[in-house]
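There are 4 protein chains.
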Amino acid sequence: MSKIRVTVWNEGRHEKSNATVKRIYPHGMHSVIAEGLRRQGDFEARTATLDDPEHGLTEEVLKNTDVLTWWGHMAHGDVRDEVVARVKKHVLEGMGLMVLHSGHYSKIFKALMGSTCSLKWREADEKEIVWTIEPAHPIAEGIGERIEIANSEMYGERFDVPHPEETVFISWFEGGEVFRSGCCWKRGHGRIFYFSPGHETYPIYYHPQIQKVLGNAARWARRRVTLPDACPKAEAVQPIPKHEVDLSHMKNWGK
Amino acid sequence: MSKIRVTVWNEGRHEKSNATVKRIYPHGMHSVIAEGLRRQGDFEARTATLDDPEHGLTEEVLKNTDVLTWWGHMAHGDVRDEVVARVKKHVLEGMGLMVLHSGHYSKIFKALMGSTCSLKWREADEKEIVWTIEPAHPIAEGIGERIEIANSEMYGERFDVPHPEETVFISWFEGGEVFRSGCCWKRGHGRIFYFSPGHETYPIYYHPQIQKVLGNAARWARRRVTLPDACPKAEAVQPIPKHEVDLSHMKNWGK
Amino acid sequence: MSKIRVTVWNEGRHEKSNATVKRIYPHGMHSVIAEGLRRQGDFEARTATLDDPEHGLTEEVLKNTDVLTWWGHMAHGDVRDEVVARVKKHVLEGMGLMVLHSGHYSKIFKALMGSTCSLKWREADEKEIVWTIEPAHPIAEGIGERIEIANSEMYGERFDVPHPEETVFISWFEGGEVFRSGCCWKRGHGRIFYFSPGHETYPIYYHPQIQKVLGNAARWARRRVTLPDACPKAEAVQPIPKHEVDLSHMKNWGK
Amino acid sequence: MSKIRVTVWNEGRHEKSNATVKRIYPHGMHSVIAEGLRRQGDFEARTATLDDPEHGLTEEVLKNTDVLTWWGHMAHGDVRDEVVARVKKHVLEGMGLMVLHSGHYSKIFKALMGSTCSLKWREADEKEIVWTIEPAHPIAEGIGERIEIANSEMYGERFDVPHPEETVFISWFEGGEVFRSGCCWKRGHGRIFYFSPGHETYPIYYHPQIQKVLGNAARWARRRVTLPDACPKAEAVQPIPKHEVDLSHMKNWGK
Numbered sequence: 650m651s652k653i654r655v656t657v658w659n660e661g662r663h664e665k666s667n668a669t670v671k672r673i674y675p676h677g678m679h680s681v682i683a684e685g686l687r688r689q690g691d692f693e694a695r696t697a698t699l700d701d702p703e704h705g706l707t708e709e710v711l712k713n714t715d716v717l718t719w720w721g722h723m724a725h726g727d728v729r730d731e732v733v734a735r736v737k738k739h740v741l742e743g744m745g746l747m748v749l750h751s752g753h754y755s756k757i758f759k760a761l762m763g764s765t766c767s768l769k770w771r772e773a774d775e776k777e778i779v780w781t782i783e784p785a786h787p788i789a790e791g792i793g794e795r796i797e798i799a800n801s802e803m804y805g806e807r808f809d810v811p812h813p814e815e816t817v818f819i820s821w822f823e824g825g826e827v828f829r830s831g832c833c834w835k836r837g838h839g840r841i842f843y844f845s846p847g848h849e850t851y852p853i854y855y856h857p858q859i860q861k862v863l864g865n866a867a868r869w870a871r872r873r874v875t876l877p878d879a880c881p882k883a884e885a886v887q888p889i890p891k892h893e894v895d896l897s898h899m900k901n902w903g904k
Numbered sequence: 650m651s652k653i654r655v656t657v658w659n660e661g662r663h664e665k666s667n668a669t670v671k672r673i674y675p676h677g678m679h680s681v682i683a684e685g686l687r688r689q690g691d692f693e694a695r696t697a698t699l700d701d702p703e704h705g706l707t708e709e710v711l712k713n714t715d716v717l718t719w720w721g722h723m724a725h726g727d728v729r730d731e732v733v734a735r736v737k738k739h740v741l742e743g744m745g746l747m748v749l750h751s752g753h754y755s756k757i758f759k760a761l762m763g764s765t766c767s768l769k770w771r772e773a774d775e776k777e778i779v780w781t782i783e784p785a786h787p788i789a790e791g792i793g794e795r796i797e798i799a800n801s802e803m804y805g806e807r808f809d810v811p812h813p814e815e816t817v818f819i820s821w822f823e824g825g826e827v828f829r830s831g832c833c834w835k836r837g838h839g840r841i842f843y844f845s846p847g848h849e850t851y852p853i854y855y856h857p858q859i860q861k862v863l864g865n866a867a868r869w870a871r872r873r874v875t876l877p878d879a880c881p882k883a884e885a886v887q888p889i890p891k892h893e894v895d896l897s898h899m900k901n902w903g904k
Numbered sequence: 650m651s652k653i654r655v656t657v658w659n660e661g662r663h664e665k666s667n668a669t670v671k672r673i674y675p676h677g678m679h680s681v682i683a684e685g686l687r688r689q690g691d692f693e694a695r696t697a698t699l700d701d702p703e704h705g706l707t708e709e710v711l712k713n714t715d716v717l718t719w720w721g722h723m724a725h726g727d728v729r730d731e732v733v734a735r736v737k738k739h740v741l742e743g744m745g746l747m748v749l750h751s752g753h754y755s756k757i758f759k760a761l762m763g764s765t766c767s768l769k770w771r772e773a774d775e776k777e778i779v780w781t782i783e784p785a786h787p788i789a790e791g792i793g794e795r796i797e798i799a800n801s802e803m804y805g806e807r808f809d810v811p812h813p814e815e816t817v818f819i820s821w822f823e824g825g826e827v828f829r830s831g832c833c834w835k836r837g838h839g840r841i842f843y844f845s846p847g848h849e850t851y852p853i854y855y856h857p858q859i860q861k862v863l864g865n866a867a868r869w870a871r872r873r874v875t876l877p878d879a880c881p882k883a884e885a886v887q888p889i890p891k892h893e894v895d896l897s898h899m900k901n902w903g904k
Numbered sequence: 650m651s652k653i654r655v656t657v658w659n660e661g662r663h664e665k666s667n668a669t670v671k672r673i674y675p676h677g678m679h680s681v682i683a684e685g686l687r688r689q690g691d692f693e694a695r696t697a698t699l700d701d702p703e704h705g706l707t708e709e710v711l712k713n714t715d716v717l718t719w720w721g722h723m724a725h726g727d728v729r730d731e732v733v734a735r736v737k738k739h740v741l742e743g744m745g746l747m748v749l750h751s752g753h754y755s756k757i758f759k760a761l762m763g764s765t766c767s768l769k770w771r772e773a774d775e776k777e778i779v780w781t782i783e784p785a786h787p788i789a790e791g792i793g794e795r796i797e798i799a800n801s802e803m804y805g806e807r808f809d810v811p812h813p814e815e816t817v818f819i820s821w822f823e824g825g826e827v828f829r830s831g832c833c834w835k836r837g838h839g840r841i842f843y844f845s846p847g848h849e850t851y852p853i854y855y856h857p858q859i860q861k862v863l864g865n866a867a868r869w870a871r872r873r874v875t876l877p878d879a880c881p882k883a884e885a886v887q888p889i890p891k892h893e894v895d896l897s898h899m900k901n902w903g904k
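As structure tokens, then:
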């Protein structure tokens, strides 16, 4: 079987401006996410960032992408609308999408969900426990009953997204909140996975279980079809007898 | 109990340009839909059309609307984006939305669904049978096992929408197709119902059972809350002990 | 509108044998649950217990019940199978069912869910925070963002139930677990709500917000229809031409 | 990769008593279904029937089954309850189950769905068109937009099952009905697919597209885990401070 082609997209701005982020992700979060996938053997992972030409997401790149991962935060507004439209088109035609952490507020996630995608949040170095809700789901393969993250940004409910088609993980936070941290949807012919752990000031993408989730999710979300949109006029399959238009309900209306 | 406030929105262009449509809906489809609701007693129904100032959908109107119904077709592109954004905001805050027939391709429905909303279609005066799939659903109250429509435009699958949260009706067409003709979703705090029967050249909105479905759906979709969006920083509910940031996974990365 | 008729069912055994339970619920948990509903004004609440003749759930009682609530624990096995079958029949025909706390392991809940309904548990007097996930859902009306329960039995995931059609509440526990504590399903023509708070040694059913949830849920789950089962032979709606049986695929099989 | 182990179960009674069925399926429907899977290369298919000892479904057989297919009709009542319980246990632990045609009324399907599973039906040699609703679903791989079945037993809505988690196919019938003919659910850790085409007096299991659906569905439903049930008492993950039981809500009750 040929390798699954993942494009790991990262805004990449925190890494340029914030000393803590630079220290933890000296080559950017994307480099660690991509390398974590490559080490699993069945992925061909390339990276792209906001500051690349066309944000690194040309038609050519997307056509050759089975799964796109998306991390963004401080510069959601700098992502050009035509690139968002292009990514959306590819997801609806069959490309997988994994939206990570603060990507919940990206243009592309909001465009696919149709809702605000807002949530509660807090930065307090607190502990997060990610519980496996669906142990037989392919995304939970090999994860066990929970992942413990020593320090995490709290993301709390109400998470304003459409009812997930599958809820694979729910998180517990030390400060008292819960969060649907691993959720699946389909849009058009593409599969979408949102996964909340992954704050830029904590080394969460180095966590072996987090990398395993990302690999599992990429396998699950990978492109299976490429079906361009149409709204076709269709020939009848069965013969249709000739009918007069029946106006009886209209004629009875005033009575 | 106070009346449910429905705003019946209609593009209203076919009625101006097409003789058949003029003959069947001399005062516009909106006038028949609104009157059909008023006759049920528990609705206060007003109308609005594309050619009204701000398409008749000012902030003031939407704030005082419990359910908005949407019929559009030939002029989807003329609906201004800021009005679409305003309607979407109100749906996500709790206003109900009923999308009718060719409204499947409206900007507002596509923005809320996140998918292309395309389908197969054919105009052949053919028979449609609308089957009740969920007889205990409030939208099916009093409908019985089926609605027969003597002449209808065929809408056929694949209907490119997210998996409906509830599928109330599925239609059969004489030419051989099927269609999920009555579907429910929630987006944000609002309820959305899509109902496919209602082609402009047939007197479908005069059909007593179709009017009953529209009334039932408006009762089901009516605004229950008004919850403006926020993405709040939250104080902890439980005390959080002071933690050092644990860098062990990062340090083990190269090994 | 006539009152909603609720039958509050309780096993009622802990109350007879355990001093702590006797002290907190001297007249049984059912009496507090029923009284909490009555005080809301729109319910007619009666009670029934395991030790009543036919467990208090005769055909006559069920026929006149809009919603049945179910609390059981130590004597699930003593509930007679024919009474379980009778309750199930009534739920499938349209009666609402609210399954409370340890009722997750009752015969009736397992029969309707089709799964084991097992979970993790712990008695440690710990704090539970019940978070509202769907603030626009009728069951969450007036609840606000959370309910704090000072002492609760921990119920934790994996809760082995079918994917809830709606997840209204998710709970946080002091000891580190999460739980989908308020879940909705439909089976046949009946609505089912499972709500986990309510351990017999804590005064949870006296909590004003818990009573509000029970009232909201009973309004949501109340019987809307009574549709007896059938598997009818159906006359064709459309004429079917006479066909020879086509055996071509069979004839090509060996080739 | 090792082969997927399918056990094809058939009641096998019609084949013994009905001349038409004998002519079309001289070695039983199970032999055609099993052979249709074997020809796809990645399956190891064995068969079992009602009249085998323990219906051919011993603990040993089920433990070594990745997917069980179920066809039954005239003798649902002859399937022993302990075998049904054994099959259910294996599904909940991770074994896949494909329920075929009149198997909708089998004990095992009703036990897993929790509903009556009734439907409308008619034998009139009429045409069925099976429409693909989810073209990107693995079960629809290679099927195209529809399957035409020249002669079929009509199965019509309302099909009394829980809302499908995925609806892959919906059928059109010449006599005017529609039916959700290919539906997916999960129960416990197992995947369930119901597929309605397959009447005993028509050569439907010889149809190449039907065989492709059965192969796709078996790949989709195959066992991924084996997770025995437990309802474990759990040690706390986080330290729980000692709490007094708070009785304030109880004390305020009478006031």
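Residue numbers (my numbering), protein chains in the order written: chain V, 650 to 904; chain Y, 650 to 904; chain U, 650 to 904; chain H, 650 to 904.
Each residue gets a CB set at the ideal place from its N, CA and C atoms; glycine is no exception.
Quick one: what does DSSP say residue i is sitting in, helix, strand or coil?
i	result
Ser666 (chain Y)	helix
Lys756 (chain H)	helix
Glu742 (chain H)	helix
Gly805 (chain H)	strand
Leu711 (chain V)	helix
Val874 (chain V)	coil
Asn659 (chain U)	strand
Met747 (chain Y)	strand
Gly864 (chain V)	helix
Ala734 (chain H)	helix
Asp774 (chain U)	strand
Which value, in whole angstroms, describes the spacing of the CA atoms of residue i and residue j?
i	j	result
Phe818 (chain U)	Tyr843 (chain U)	10 Å
Met882 (chain Y)	Leu768 (chain V)	First, the amino acid is wrong: residue 882 (chain Y) is Lys here, not Met. Distance between the alpha carbons of Lys882 (chain Y) and Leu768 (chain V) is about 9 Å.
Ala789 (chain Y)	Ile796 (chain Y)	11 Å
What residues in its chain sit with their C-beta under 8 Å from that of residue i, if we drop five residues either side in the sequence?
i	result
Trp770 (chain H)	Glu802, Met803, Tyr804, Gly805
Arg735 (chain U)	Leu706, Glu708, Leu711
Cys766 (chain Y)	His753, Tyr754, Phe758, Lys759, Phe808, Asp809, Val810
Closer than 7 Å to a non-hydrogen atom of the ligand HEM - does that hold for the CB of residue i?
i	result
Thr707 (chain U)	You won't find the ligand HEM in this model; it holds no ligand whatsoever.
Can you find the residues in the same chain that come closer than 6 Å, C-beta to C-beta, to residue i, ignoring five residues on each side of it along the sequence?
i	result
Ser751 (chain H)	His722
Pro852 (chain Y)	Ile673
Arg868 (chain Y)	none
Does the distance from the CB of residue i to the CB of residue j come in under 8 Å?
i	j	result
Met747 (chain Y)	Ala866 (chain Y)	yes
His838 (chain H)	Glu731 (chain H)	no
His753 (chain H)	Lys835 (chain U)	no
Ile757 (chain V)	Lys738 (chain V)	no
Ile798 (chain U)	Glu823 (chain U)	no
Asn687 (chain Y)	His704 (chain Y)	In the sequence under discussion, the amino acid at residue 687 (chain Y) is Arg, which differs from the Asn named in the question. Taking 8 Å as the Cβ cut-off, Arg687 (chain Y) and His704 (chain Y) do not qualify as a contacting pair.
Val779 (chain Y)	Ser820 (chain Y)	yes
Which same chain residues, not among the five before or five after residue i, have their C-beta less than 7 Å away from its C-beta?
i	result
Tyr855 (chain V)	Val681
Arg662 (chain Y)	Leu699, Met723, Ala724
Notebook entry, point to check: If we count Cβ pairs, one from each stretch, closer than 8 Å, do we get three or more for the segment 829 to 839 of chain H versus the segment 677 to 684 of chain H?
Noted result: Segments in contact, no.
Next item on the list: Please determine if the segment 712 to 719 of chain V and the segment 653 to 664 of chain V are in contact, where contact requires at least 3 C-beta pairs separated by less than 8 Å.
Entry: Inter-segment contact for the segment 712 to 719 of chain V and the segment 653 to 664 of chain V is present: three or more beta-carbon pairs are separated by less than 8 Å.
Note to self: Contact between the segment 893 to 902 of chain Y and the segment 779 to 793 of chain V is defined here as three or more beta-carbon pairs at a separation below 8 Å; is this criterion met?
What the structure shows: Using a Cβ-Cβ distance cut-off of 8 Å, the segment 893 to 902 of chain Y and the segment 779 to 793 of chain V are not in contact, since fewer than three pairs of beta carbons, one from each stretch, lie closer than that value.
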